[in-house]
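Only one structure is covered here, and it is reproduced in the block below.
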Ligand code: SAH
């Protein structure tokens, strides 16, 4: 029997070690080069806003294939030479196979297992679909008490949650809604978890706290793009993808990629409590449009053959349209308190 977050950590480590995850899913930087380019320009403008510190750490959390950062650095080199000269590239990545791919595309980078070994000083950090890969715990309100989900033989088992999940819990749910009938039978889905599941992403909250206290003493900003609702909600958002299709999250470790919705409200509150100023979350489509996604895409498309040009325009739409990636995905920035509102967060 294994607590869900321990199972999820083991499953994702095994999965990333043995698979090319990009066979199974695609992410914004792989959809359009303009995504990484405009995030690079976001970092360049934000560097100006924090007073052009030199040197400055440019950090990416969970860089995947290194595509976002390669596109960002190309754009930075073109239009922000001062920033390009000042930046020191640091990458946070646990997967040895993805580190090897990143090393080919991002020479000179320094790798870390987590944020705690980053050197002190001013920093600009980006993380796309990083927080959703971090392991979650799930608590269920059952029979007037909290139980926690563990994994055993491919199904869930529940144990009394001692101590109960930490407050604050999502608002506006009565005890009736919160309480499920006793679990009957085994396995995933028993009891139709529905809205009475409370998810806790402890590593994400630790990152928010670490960044918040760092930003309270050093100039900087951290930008996270990920999927999840704006407000905290109850609900089971654990999902698995294997061979490009939804899969059973409790299948043997290494067979599927597991993610969960990011609780932006809880993440932002943890960073704010630790001393950061918070901007957003704003829907990804709005954020990217404000950063000039469509203008830059049009300009690039004009220089390309027709098939590639229409591919670029279609890719921009996929990233920004509300019923595609534009609304479910959000952008959130944590900033040092003296930093003015960074690009994309003011109308
Ligand atoms: N940002 C990339 C990859 C997203 S997949 C993109 O948009 O394509 C999640 C990334 O986070 C992968 O690189 C994965 O190896 C990394 N990762 C997952 N858990 C991690 C952890 N606990 N610490 C550091 N990196 C982690």
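Residue numbers (our numbering): 1 to 347.
Note that the Cβ used here is the ideal one computed from N, Cα and C, for glycine as well.
Just confirm the distance between the C-beta atoms of residue 5 and residue 137, as a whole number of angstroms; I'd bet it's less than 8 Å. Position 5 of the chain shown, counted from the first residue, corresponds to residue 5. Position 137 of the chain shown, counted from the first residue, corresponds to residue 137. Going by Cβ atoms, the distance from residue 5 to residue 137 rounds to 5 Å, so yes, they are a contact pair.
Residue 112: first and last residue of the uninterrupted beta strand (DSSP E) it sits in: Within the chain shown, residue 112 is the residue found at index 112, counting from 1. Note, residue 112: beta strand (DSSP E), 110 to 112.
Pull up the distance between the alpha-carbon of residue 185 and that of residue 133, whole angstroms please. Position 185 of the chain shown, counting from 1, holds the residue named residue 185. Position 133 of the chain shown, counting from 1, holds the residue named residue 133. Because residue 185 carries a pLDDT of 35, less than 50, the predicted location of this residue cannot be relied on, and no value is offered for it.
On the three-state DSSP scale, how would you describe residue 329? Numbered from its first residue, the chain shown carries residue 329 at position 329. DSSP places residue 329 in strand when its eight states are reduced to three.
Based on the DSSP secondary-structure assignment, which residues constitute the bridge partners of residue 15? The residue given as residue 15 occupies position 15 in the chain shown. Note: residue 15 sits in no beta bridge, so no partner.
Alpha carbons only, please: which of 150, 283, 49, 50 is nearest the one belonging to residue 226? Here residue 226 is taken as the residue at index 226 of the chain shown, counted from 1. Considering only alpha carbons, the answer is 283.
To the nearest angstrom, how far is the alpha carbon of residue 109 from that of residue 281? In the chain shown, the residue the question calls residue 109 occupies position 109. In the chain shown, the residue the question calls residue 281 occupies position 281. Distance between the alpha carbons of residue 109 and residue 281: 29 Å.
Which residues bound the beta strand (DSSP E) around residue 220? Residue mapping note: residue 220 aligns to position 220 of the chain shown, counting from 1. First-last of the beta strand (DSSP E) with residue 220: 220 to 227.
Completely contained beta strand (DSSP E) runs for the region 261 to 293, where each covers 3 or more residues: 277 to 283
Pop quiz: residue 209 and residue 270 are said to be a contact at Cβ under 8 Å. What is the actual Cβ separation, rounded to whole angstroms? Translated into the one-based positions of the chain shown, residue 209 becomes position 209. Translated into the one-based positions of the chain shown, residue 270 becomes position 270. So it is a contact: roughly 5 Å between Cβ atoms.
At a cut-off of 6 Å, is residue 310 close to the ligand SAH when judged by its beta-carbon and the heavy atoms of the ligand? For the purposes of this step, residue 310 is identified with residue 310 of the chain shown, where counting begins at 1. Outside the cutoff, so no.
Neighbourhood of residue 122 by C-beta, 6 Å cutoff - its chain only, sequence neighbours within 5 removed: Along the chain shown, one-based indexing puts residue 122 at 122. Same-chain partners within the cutoff: 53, 56, 218, 219, 220.
Report yes if the C-beta distance between residue 297 and residue 319 is below 7 Å; otherwise report no. One-based indexing of the chain shown puts residue 297 at position 297. One-based indexing of the chain shown puts residue 319 at position 319. Not a contact, by the Cβ cut-off of 7 Å.
Between the Cα of residue 265 and those of 15, 204, 287, 25, spot the shortest distance and give me the residue it belongs to. By 1-based counting over the chain shown, the position of residue 265 is 265. Closest option to residue 265, Cα to Cα, is 204.
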